[in-house]
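These notes concern the structure reproduced below.
Protein chains in written order, with our numbering: chain A, 1 to 345; chain B, 1001 to 1345; chain C, 2001 to 2345; chain D, 3001 to 3345.
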């Protein structure tokens, strides 16, 4: 009953096999291995971005902030939602990597920014005066940190607002596969309108690799220098590319994302059916925010279930306490059913 | 004939096996896995540092600069040699992570700083005035970037100078194992006098892990925040600890370092015996700086040998051109012999 | 009719005279002039801070952010109101000087933070986890950027919350004199509970000097290094200390602040009496936020009045458009009356 | 006998008069006063830089590093001499403002870089690899910190090397007037080949103002944002422009520089004639590095002479101890003669 995070489960066996295969003999370091050239072509095709610069980075935080740093001046505002990972879960990494840019919060019901909110927030950033910070890029997260997935038309509305204001767009796709499966669209459709994309693998069955996709190749050299300078250029790079190749091979990544989403759907259905749990945000992919009585939290924890309780376990039994439940690709139906059974007492 | 770097060879099969074993089931992320607790105890014992904070980081550059950042104010000088990795090969990562500290070059024949040179350089940093940068930590690299290994008494002399000046010491041990084998000492002896140690594994048979050892636990929390903020806190941390456990198990790391050093010794002996090659710096471990005629560079490259030539391949045949040759744990004697054979024409 | 800002008026003649007097002969640079020692004693007495470190800085922005930088780690949150000068009018100087700290907005009706809002915002900053930014100092501005002045008990409530949470407090007193006159208290009373104070002079009749008051002398050396490193250590420092000495002499600063406040009170009374203007925030000192019909904006601008209109001058005549009106020490009653006369048409 | 620095003497009376005149009535802040427009035209003409962006900054350190920050990426090397003010006397301000660039030391006999040394140092900065820092601008100081003044052909040789390497050039002209008088050239001739110039006034009779001259107007907006963000945009800007206007009026600045240089020449002549003092570097302008017996240092200090002794006053009488002697515009011949008389005992 492991619902704490999609970073607690195992990597897919095919990924481990690829890693072992990649360990044969010698390989030039720092991304000069042959697999990286293949990956570049493959990702460019997937993203319909024939000129894109493609890099691999070992963590999602690093991928996000290296991309943002290459797009943002130190005196600019990065527009995002109040629960964006870059704002809530990176200990100020955007501020560090950009040299002191600021995150500007945009109205975001269910963690999804609205085009109107974005327009209003941009308009509120004065221009033409040195006294205020200046307008910078827009950063969108999907799957959001609350589990919702932006419909394609809402993404298009956001990137339209950005483009009309001359601002670049970044997509934090730490759960890109889960979002794509949820939407039933293509990779290129999901990424359309975004200048830079964090294409996540770590939360979806890899040991730890994300791809950075940069449409404008003129930013490539700066990205490379920033990556090295941040200690994020991996010397034995073949172990990154091997993971990513296995990830893309035969759409393993979509298969894993689909499994995770299905497990979450089964869990969400059960929560709704339980009569005692409430889903708090749209659970569009593999992350569920819900609330159920404190006594059930205690029962589940006692039985060994792992998940985040947003509130103390001590207190009145029937008080509703929020919980975050995340399913990874390996979530088994029997564990879900056991969780639901204990939940209902 | 792969002598380009010790980051081009494979990881040790035992490391890969450990990685595959670690992939079973679920594990709490971010270093909360059980293996990490075992590792902490083990490394504390090895370093005779019972209170030390111990962390794993995926790259050597990150390990160095996270440690230095926790030890250095933005307005301080970090004392190091002119060929230190932090100065020559990290694209300014120390400056980035410290918020603008400066590297102060200390006289270093054969890439090894002298106590006199360090004293003189510290004395040249004015104190008590705000106009100049202030004195900060000393950073020592061994195996040095030229292949030499500091004798223990020279390390002690350096750390004595630092201590008498109230300055902390950092050891860049990206090739710690190779240095230890070369000296025939214990881990604690090699690290004595150093407040923070980068204990490398990546160049010695791992996929990519270094341990950061911080003697003073009061620096631990700042290190943790800096690591997260730099995108270097790995979520699926079990894949780091599994590598490091395999590395330490039955002294695999010393076995690999010994193999690399022996391969380099065989190569150095052959170079000396060739009559046409000169060893430029003491080749105390697994890195050799030497020079031989340009024609031999061309012959070797044509035969597929991989190594760094410090000079153009075009030009007079008999001109001496420097080369860097590095042996990793997997270097085979037959390749060394073949290299030497082609060298001699 | 100059109501654009209190930085558009002249310096007081006594200040100019002091400056000319200070120009006699030679003086040691960088604050080693005799006047600085006198000033230190005087300001320590005024602030009832016998051990305080005292510095002079030429601009208010620099004073604020140098103080904050000495109090804040790069990964901390600085709590402030959404209209704080450090947030709205310094182009990200706090982020730059702190190395990437973040401003955390606290609920602030009429631009004054509430103790409840501050408590809630601090509580919302998770502790004990590296994923989020950490709690840092509280920065309070009074006179606020909307013209209100915190009553002493509200200041005490804020600094109490900070102290109970182990957080330091900074007071942005760019208009310290105007606030003190408004409250009718002593300097020590107004500054009680604050660890670091920006004591402004530029907006109140000087050419450009603020005092930085740091209660804890252990922060002094870091402040000095940061000031130098930021290019804010003035070599011909006697011209700063001369201004500040004239400012304090015979309470000239309070006399000027009282004149500015009185001029603003006269203007506010006239606005209220006009029947067409509305005061939007408490006008407790020398800054007035109000709104009046667009036609009146146009009339006043056409007559040469200088003030900020928060809205376009083109549009329907009778639409209410907000305005900011600021009185400096030299504001003349006849100009105020003329402004009111034109306002009323 | 004030030879400690050219920042210890008074401002010129004409400058004080201009300051008092500028204090009449109201003036728009932040550089919007009328005088600034006149100054821009005047400085553009002087520098033969019709499109140049022109700004005023209150300190020399800030002027240097704001210009350098606008010209340098965080991962670049700034080439300068080992005794450049930006390296020795700014407590790491270049590193702070640039976000961690590095100062690369160029061979500089008598504190003047050679074209050959610059070429060699640039060539030693690898290109095309992310592992090393990248090539950045060249920063030249004249009058140098040792008192020498680059001949025009040597400046041209340096800027030629930079241009051929595609690198920009910065001139630290904190003593621009003294250098120009020493060379007998025009302002445009001295500044030819430099992309950005710190045109100093503080050391030459002003209270504290330097002009920043940026030939390429496309850098102007970034400079303005950086200046504001660093707390260096002065609100009551008229007091800066008034000083600079008085400085340029009727070539007052050249008159003051000539007076300072003449005083230094008289002093240098006397030192040479004394038989006991040695001039250590070419004393081409108003700064003299020399050495004379320790006993003379003691005699002079006892008589109240102010200057920097580079060595302890305690020790053998006849040991030569270096000294720095600086003359400002107000240096009186009688003080020079008295100094020389005491020197000779």
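Don't be surprised by glycine CBs; every beta carbon is placed ideally from N, CA and C.
Along chain B, in chain order, which residues have C-beta atoms closer than 8 angstroms to that of residue i?
{"i": "residue 234 of chain A", "result": "1058, 1059 and 1208"}
Could you list which residues in chain D have their beta carbon closer than 8 angstroms to that of residue i, in chain order?
{"i": "residue 1133 of chain B", "result": "3091 and 3092"}
{"i": "residue 1102 of chain B", "result": "3092, 3095, 3102 and 3103"}
At 8 angstroms on the CB atoms, spell out the chain A contacts of residue i, in chain order.
{"i": "residue 3099 of chain D", "result": "74 and 99"}
Using only the alpha-carbon positions, how far apart do residue i and residue j sit?
{"i": "residue 1126 of chain B", "j": "residue 3031 of chain D", "result": "38 angstroms"}
{"i": "residue 3303 of chain D", "j": "residue 3001 of chain D", "result": "9 angstroms"}
{"i": "residue 1311 of chain B", "j": "residue 2065 of chain C", "result": "50 angstroms"}
{"i": "residue 1216 of chain B", "j": "residue 1167 of chain B", "result": "14 angstroms"}
{"i": "residue 2253 of chain C", "j": "residue 137 of chain A", "result": "45 angstroms"}
{"i": "residue 2086 of chain C", "j": "residue 1285 of chain B", "result": "55 angstroms"}
{"i": "residue 335 of chain A", "j": "residue 2111 of chain C", "result": "52 angstroms"}
{"i": "residue 192 of chain A", "j": "residue 103 of chain A", "result": "23 angstroms"}
{"i": "residue 3097 of chain D", "j": "residue 3026 of chain D", "result": "33 angstroms"}
{"i": "residue 3068 of chain D", "j": "residue 2185 of chain C", "result": "46 angstroms"}
{"i": "residue 1197 of chain B", "j": "residue 330 of chain A", "result": "38 angstroms"}
With a threshold of 8 angstroms, establish whether the CB of residue i neighbours any heavy atom of the ligand MN.
{"i": "residue 3171 of chain D", "result": "Questions concerning the ligand MN fall outside what the structure shown contains, since it holds no ligand whatsoever."}
Please state the DSSP three-state secondary structure of residue i.
{"i": "residue 3316 of chain D", "result": "coil"}
{"i": "residue 199 of chain A", "result": "strand"}
{"i": "residue 2081 of chain C", "result": "strand"}
{"i": "residue 276 of chain A", "result": "coil"}
{"i": "residue 1017 of chain B", "result": "helix"}
{"i": "residue 308 of chain A", "result": "strand"}
{"i": "residue 1102 of chain B", "result": "strand"}
{"i": "residue 2049 of chain C", "result": "coil"}
{"i": "residue 324 of chain A", "result": "strand"}
{"i": "residue 1180 of chain B", "result": "helix"}
{"i": "residue 2065 of chain C", "result": "helix"}
{"i": "residue 3076 of chain D", "result": "strand"}
{"i": "residue 2092 of chain C", "result": "coil"}
{"i": "residue 3294 of chain D", "result": "helix"}
{"i": "residue 267 of chain A", "result": "helix"}
{"i": "residue 1135 of chain B", "result": "strand"}
{"i": "residue 3167 of chain D", "result": "coil"}
{"i": "residue 222 of chain A", "result": "helix"}
How close, in whole Å, do the beta carbons of residue i and residue j come, if the pair is a contact with beta carbons under 8 angstroms?
{"i": "residue 3052 of chain D", "j": "residue 3288 of chain D", "result": "33 angstroms between Cβ atoms; not a contact."}
{"i": "residue 179 of chain A", "j": "residue 129 of chain A", "result": "Actually they are not in contact, since the Cβ atoms of residue 179 of chain A and residue 129 of chain A sit about 38 angstroms apart, beyond 8 angstroms."}
{"i": "residue 1057 of chain B", "j": "residue 1227 of chain B", "result": "7 angstroms"}
{"i": "residue 3235 of chain D", "j": "residue 2007 of chain C", "result": "4 angstroms"}
Residues of chain D with CB closer than 7 angstroms to the CB of residue i, please, in chain order.
{"i": "residue 229 of chain A", "result": "3075"}
Going along chain C in order, which residues have a C-beta closer than 7 angstroms to the C-beta of residue i?
{"i": "residue 42 of chain A", "result": "Correct list: empty, because the minimum Cβ distance to chain C is about 32 angstroms."}
Applying a beta-carbon distance threshold of less than 8 angstroms, which residues of chain C neighbour residue i?
{"i": "residue 130 of chain A", "result": "2091"}
{"i": "residue 3016 of chain D", "result": "2019, 2020 and 2023"}
{"i": "residue 88 of chain A", "result": "2131 and 2132"}
Would you mind telling me which residues of chain D sit closer than 9 angstroms to residue i, beta carbon to beta carbon, in chain order?
{"i": "residue 33 of chain A", "result": "By Cβ distance, chain D contributes nothing, its closest Cβ being about 16 angstroms from residue 33 of chain A, past 9 angstroms."}
Going by other Cβ atoms of all chains shown within 10 Å of its Cβ, with 16 needed for buried, is residue i buried or exposed?
{"i": "residue 3072 of chain D", "result": "buried"}
{"i": "residue 3159 of chain D", "result": "buried"}
{"i": "residue 34 of chain A", "result": "exposed"}
{"i": "residue 50 of chain A", "result": "exposed"}
For a contact meaning CB atoms closer than 9 angstroms, what does residue i contact in chain A?
{"i": "residue 3219 of chain D", "result": "Those do not exist, as residue 3219 of chain D stays about 13 angstroms from chain A at its closest Cβ, beyond 9 angstroms."}
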